[in-house]
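Peer 1:
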Amino acid sequence: MPAEPDRIMTRAGKPSIGLILTTALALWTLPCGPALAVPLHGLSLYGPEGLKYKPGQPFAYVNPAAPKGGTLSLGEFGAFTKLNPASLKGALPADLAGLLFQTAMTTSSDDDEPYSQYGSLVETADLADDGLSLTYGIYENARFSDGHPVTADDFVFSFGLRDNPEYHPIYRALLKDVERAEKLDERRVRFVFNTRNSHLPLVVGHLLVLPKHVYGEPGKSFGSDFDRTAVGSGPYAVEKYEFGKFIALKRIPGWWGKDLAVNRGRFNFDRIVWKIYYDPAAMREAFKSGEFDVNSINSSKDWALEYKGSFLKKGYYLREEFPHQRVAGMQGFVMNLRRDIFKSRMVRAAVSLAFDFDWSGKNLFYGQYIRNECYFDNNAEMKPAGLPQGEVLGLLTALRAKYGAFVPQTVFTKPVGALGQGLPLEQNVRTANQILDRAGWRMGADGVRVKDGKPLRFALLLEDPEWMRISEPYKNNLRKLGVDMEIKLAQPAEYEEKLNRFNFDMVAIDYPQGRAPGIEQRNQWGSASAKTHGTHNYAGIQNPAIDELIETILQAQNRKEAIDALQAMDRILTHQFYIVPHWYIPYDRLVYWNKFSRPPVNPSQSAILTNVVELWWEDKDKAEKLKKARASRKPMSK
6 MPAEPDRIMT RAGKPSIGLI LTTALALWTL PCGPALAVPL HGLSLYGPEG LKYKPGQPFA
66 YVNPAAPKGG TLSLGEFGAF TKLNPASLKG ALPADLAGLL FQTAMTTSSD DDEPYSQYGS
126 LVETADLADD GLSLTYGIYE NARFSDGHPV TADDFVFSFG LRDNPEYHPI YRALLKDVER
186 AEKLDERRVR FVFNTRNSHL PLVVGHLLVL PKHVYGEPGK SFGSDFDRTA VGSGPYAVEK
246 YEFGKFIALK RIPGWWGKDL AVNRGRFNFD RIVWKIYYDP AAMREAFKSG EFDVNSINSS
306 KDWALEYKGS FLKKGYYLRE EFPHQRVAGM QGFVMNLRRD IFKSRMVRAA VSLAFDFDWS
366 GKNLFYGQYI RNECYFDNNA EMKPAGLPQG EVLGLLTALR AKYGAFVPQT VFTKPVGALG
426 QGLPLEQNVR TANQILDRAG WRMGADGVRV KDGKPLRFAL LLEDPEWMRI SEPYKNNLRK
486 LGVDMEIKLA QPAEYEEKLN RFNFDMVAID YPQGRAPGIE QRNQWGSASA KTHGTHNYAG
546 IQNPAIDELI ETILQAQNRK EAIDALQAMD RILTHQFYIV PHWYIPYDRL VYWNKFSRPP
606 VNPSQSAILT NVVELWWEDK DKAEKLKKAR ASRKPMSK
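So the number in the numbering used here is just where the residue sits in the sequence shown, counting from 1, plus 5.
As structure tokens, then:
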């Protein structure tokens with residue numbers, strides 16, 4: 006959840022489905038690999054030769070001998086309202102889905118292996134010669150937390166939930182090209198595809214498998230009747246919780262999957278506790294007083310000014326930056342095109358020009374951030390450079406001829422970049438006023454522009470009051486254009502509901518991207534998703550040129566074709582000014598009490614808190630030294 010004003014937010018990859026989606030959705034469509042002579046332990050978009058790990062080999066970024074034990078306490082901003090990870094309504098605690106529930110396969114987090122996954126619930130994966138079906142062999146000893154075996158019936162049931170109106174529509178979109186799931190016997194299930202795309206087997210690998218005997222109970226509502234139910238096959242079970250206050254998980258000692266290669270060195274804490282906070286300042290002070298152990302810092306102000314007291318100097322807690330190689334994606338103020346005023350590209354351009362990133366970077370962000378220039382930033386291969394050339398130019402030219410203004414003329418004459426970036430605010434304000442004049446918006450007596458009797462007025466919906474320090478200067482700049490922006494704060498549950506229903510004018514959202522974008526692009530930008538509640542097309546984009554490019558990405562025969570289509574799409578998205586670009590940072594910021602150890606390699610494709618939860622462990626020697634140092638008020642010994 007957005008806990009701080011200048012964070013790299015995760016709302017578009019919301020924790021209610023986050024752990025599954027952030028790794029599952031980013032898959033390039035490439036030709037199916039060579040026909041498999043025998044079922045394999047993993048799948049790669051490059052065929053069997055693309056698998057880095059052999060059967061029985063643990064991931065390189067874990068410590069296979071990591072000790073088990075101890076409690077990890079974390080802080081969570083905002084309430085959670087459910088335990089069901091796949092239902093549409095409600096908010097889930099961060100990281101809960103991946104700890105309680107499992108998918109068929111798990112994706113490697115290696116920085117050098119973005120396109121492979123390995124059996125988690127399944128022992129074998131057999132992709133048909135024609136690429137139109139995938140058969141899983143389920144582990145014989147796979148069990149849910151209530152002791153019930155995991156069977157093919159559970160896979161078929163979980164797939165069938167896509168037709169349930171209470172099932173999250175994002176999953177429905179992901180599984181769109183999967184025709185059916187068939188039970189072959191108790192331990193074998195086949196998925197049949199209606200098209201040959203090599204991303205589909207990997208998408209199916211991230212199907213959340215729920216127990217049919219629990220969530221399929223006759224006469225029960227999948228959504229509301231299972232808000233308080235969490236029966237999965239993962240390493241943890243719910244110990245106790247209280248909505249709005251805390252949730253505690255306990256590691257299952259005899260967990261069926263503990264000896265699998267993909268799990269060795271992972272899930273090391275006996276207990277994981279999230280404590281809920283509604284005020285960022287209270288959460289910050291709670292960490293300093295030792296109420297919880299680890300805090301991912303999402304505020305540049307906090308990183309610059311906080312966590313520098315005597316406890317840091319004495320080594321009680323540590324402050325560390327973890328560089329990452331993740332694609333930055335796009336974060337920004339998202340305009341809802343379902344509102345009449347934002348249907349105008351000219352209005353969107355003027356509203357974009359009013360955001361003064363240079364001022365904010367200097368006065369609010371302590372120089373820590375880089376401004377977003379496009380939707381696939383921080384990656385030299387994916388980010389469009391200069392003016393379009395070659396195949397990208399050809400794609401855009403054809404789409405312009407076919408769809409006209411849906412492909413702005415500026416995609417051919419200007420590179421990607423935040424509108425007005427690097428220019429003085431005064432110049433951007435003049436330009437924005439000229440744009441609004443040309444668009445027919447006339448200044449009213451109260452200083453607010455009017456057209457056809459309607460004022461140029463909208464509301465920015467926020468969840469966190471600390472966003473006010475960024476939003477207020479933006480509001481003041483908009484006022485110079487004759488634009489009246491009201492700032493509205495909502496409680497987490499209300500905010501979540503408004504997002505799901507697209508009931509807002511403007512919101513601050515992050516669209517995270519992976520190194521291999523695929524089906525999730527439909528969910529973020531596709532016309533169909535604009536009409537479906539619960540998707541991440543918050544802007545309400547309905548652009549046929551973008552729709553066509555998404556399908557081109559999914560049907561690409563090689564990575565170059567996919568990259569070309571992606572860059573063409575990025576240029577259209579950027580030049581349509583759907584979003585007022587924010588910023589990104591190429592490292593994670595963490596403070597943590599000095600009682601943990603971790604593997605020498607940090608897999609930066611995962612967010613740092615996910616790595617803490619899954620890969621770190623309590624170091625009993627450090628914990629004892631910390632306890633003695635605090636009691637004596639002396640520096641912690643080496």
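Where is the CB? At the ideal position from N, CA and C, for every residue including glycine.
Using 9 Å as the threshold, is the C-beta distance between Lys-367 and Cys-379 below it?
Peer 2: Sequence index remark: in the sequence shown, residue 367 carries index 362 (1-based). Sequence index remark: in the sequence shown, residue 379 carries index 374 (1-based). Going by C-beta atoms, Lys-367 is not nearer than 9 Å to Cys-379.
Peer 1: On the three-state DSSP scale, how would you describe Gly-449?
Peer 2: For the purposes of this step, residue 449 is identified with residue 444 of the sequence shown, where counting begins at 1. Here Gly-449 sits in coil by DSSP.
Peer 1: Under a Cβ-count criterion, where at least 16 other Cβ atoms within 10 Å of its own Cβ denotes burial, should Glu-471 be classed as buried or exposed?
Peer 2: Start at 1 with the first residue of the sequence shown, and residue 471 comes out as number 466. Glu-471 should be labelled buried.
Peer 1: Can the beta-carbon of Leu-466 be found less than 9 Å from the beta-carbon of Met-490?
Peer 2: Taking the sequence shown and counting its residues from 1, one reaches residue 466 at position 461. Taking the sequence shown and counting its residues from 1, one reaches residue 490 at position 485. The answer is no: Cβ separation not under 9 Å.
Peer 1: State the Cα-Cα distance for the pair Ser-138 and Ile-492, rounded to the nearest angstrom.
Peer 2: For the purposes of this step, residue 138 is identified with residue 133 of the sequence shown, where counting begins at 1. For the purposes of this step, residue 492 is identified with residue 487 of the sequence shown, where counting begins at 1. Computed Cα separation, rounded: 50 Å.
Peer 1: At 3 residues or longer, what runs of the beta strand (DSSP E) sit wholly inside the region 260-318?
Peer 2: If we require 3 residues or more, the beta strand (DSSP E) runs fully inside the region 260-318 come out as 276-282, 299-301.
Peer 1: For Phe-274, I'd like the list of residues in its chain whose CB is within less than 6 Å of its CB, leaving aside the five on either flank, ordered along the chain.
Peer 2: Numbered from 1 along the sequence shown, position 269 holds the residue referred to as residue 274. Around Phe-274: Gly-75, Leu-77.
Peer 1: Would you please state the rounded distance, in angstroms, between the beta carbons of His-46 and Gly-124? I believe it to be under 8 Å.
Peer 2: By one-based count along the sequence shown, residue 46 stands at place 41. By one-based count along the sequence shown, residue 124 stands at place 119. Indeed, because the Cβ distance is near 5 Å, the residues count as touching under 8 Å.
Peer 1: With a cut-off of 9 Å, does the C-beta of Leu-310 fall near any C-beta of chain B?
Peer 2: Among the protein chains of the structure shown there is no chain B, as only one such chain exists.
Peer 1: If we ignore side chains and look at the alpha-carbon of each, how far apart do Asn-438 and Gly-523 end up?
Peer 2: Taking the first residue of the sequence shown as 1, we reach residue 438 at position 433. Taking the first residue of the sequence shown as 1, we reach residue 523 at position 518. Roughly 39 Å separates the two Cα atoms.
Peer 1: Using the C-alpha atoms, what's the distance from Gly-395 back to Glu-354?
Peer 2: Position 349 of the sequence shown holds residue 354. Position 390 of the sequence shown holds residue 395. Residue identity check: residue 354 is Ala in the sequence provided, not Glu. Cα to Cα, the separation comes out at about 28 Å.
Peer 1: Quick one: Cα of Met-535 to Cα of Arg-177, how far?
Peer 2: In the sequence shown, the residue the question calls residue 535 occupies position 530. In the sequence shown, the residue the question calls residue 177 occupies position 172. Checking the sequence, you will find Ala at residue 535 rather than Met. Ala-535 and Arg-177: Cα-Cα distance of roughly 14 Å.
Peer 1: From Gly-422 to Ile-546, what does the alpha carbon distance come to, in whole angstroms?
Peer 2: For this step, residue 422 is matched to residue 417 along the sequence shown. For this step, residue 546 is matched to residue 541 along the sequence shown. Cα-Cα distance, rounded: 19 Å.
Peer 1: Confirm, please, whether the CB-CB distance from Phe-362 to His-587 is below 9 Å.
Peer 2: Within the sequence shown, residue 587 is the residue found at index 582, counting from 1. Within the sequence shown, residue 362 is the residue found at index 357, counting from 1. Yes, they are a contact pair.
Peer 1: Any idea if Ser-305 is buried or exposed, counting beta-carbon neighbours within 10 angstroms, 16 or more meaning buried?
Peer 2: On the sequence shown, position 300 is the one that residue 305 refers to. The residue is buried, with at least 16 neighbouring Cβ atoms inside 10 Å.
Peer 1: Comparing C-alpha positions only, which one of Lys-73, Lys-57, Lys-181, Ala-573 sits nearest to Arg-256?
Peer 2: Within the sequence shown, the letter at position 251 stands for residue 256. The shortest C-alpha separation from Arg-256 is found at Lys-73.
Peer 1: With a threshold of 16 other CB atoms inside 10 Å of the CB of Ser-114, please say whether the residue is buried or exposed.
Peer 2: Stepping through the sequence shown from its first residue, residue 114 is reached at position 109. Buried.
Peer 1: Determine the direct distance from the alpha carbon of Ser-357 to that of Arg-635, and round the result to whole angstroms.
Peer 2: The count along the sequence shown starts at 1 and reaches residue 635 at position 630. The count along the sequence shown starts at 1 and reaches residue 357 at position 352. Roughly 50 Å separates the two Cα atoms.
Peer 1: First and last residue of the beta strand (DSSP E) that includes Phe-160?
Peer 2: Looking up residue 160 in the sequence shown gives position 155. No beta strand (DSSP E) holds Phe-160; the alpha helix (DSSP H) holding it covers 157-165.
Peer 1: When the Cα atoms are used, what is the spatial distance from Leu-35 to Leu-132?
Peer 2: Here residue 35 is taken as the residue at index 30 of the sequence shown, counted from 1. Here residue 132 is taken as the residue at index 127 of the sequence shown, counted from 1. Reliability of the predicted coordinates at Leu-35 is poor, the pLDDT of 37 falling under 50, and the value obtained from them is presented with this limitation in mind. So the two alpha carbons sit approximately 14 Å from each other.
Peer 1: Evaluate contact between the region 573-590 and the region 284-291, counting only Cβ atoms and requiring at least three cross-stretch pairs below 8 Å.
Peer 2: The answer is no - the region 284-291 does not touch the region 573-590, with fewer than three Cβ pairs under 8 Å.
Peer 1: Tell me the start and end of each unbroken alpha helix (DSSP H) in the region 407-475 that is at least 4 residues and wholly inside, in chain order.
Peer 2: Entirely contained in the region 407-475, the alpha helix (DSSP H) runs reaching 4 residues are, in chain order, 415-418, 430-443.
Peer 1: Under the DSSP definition of a beta bridge, which residues are partnered with Leu-48?
Peer 2: Here residue 48 is taken as the residue at index 43 of the sequence shown, counted from 1. DSSP output for Leu-48 lists Gln-122 as bridge partner(s).
Peer 1: Measure the CB-CB distance between Val-434 and Ala-550 and report whether it falls below 9 Å.
Peer 2: For the purposes of this step, residue 434 is identified with residue 429 of the sequence shown, where counting begins at 1. For the purposes of this step, residue 550 is identified with residue 545 of the sequence shown, where counting begins at 1. No, these two residues do not count as a Cβ contact at 9 Å.
Peer 1: Use the C-beta contact count for Gln-414: other C-beta atoms within 10 angstroms, 16 or more gives buried, fewer gives exposed.
Peer 2: Taking the sequence shown and counting its residues from 1, the one referred to as residue 414 is at position 409. The residue is exposed, with fewer than 16 neighbouring Cβ atoms inside 10 Å.
Peer 1: Suppose you measure from the CA of Lys-630 to the CA of Ala-84; what does that come to, to the nearest Å?
Peer 2: For the purposes of this step, residue 630 is identified with residue 625 of the sequence shown, where counting begins at 1. For the purposes of this step, residue 84 is identified with residue 79 of the sequence shown, where counting begins at 1. Rounded to whole angstroms, Lys-630 to Ala-84 spans 34 Å at the Cα level.
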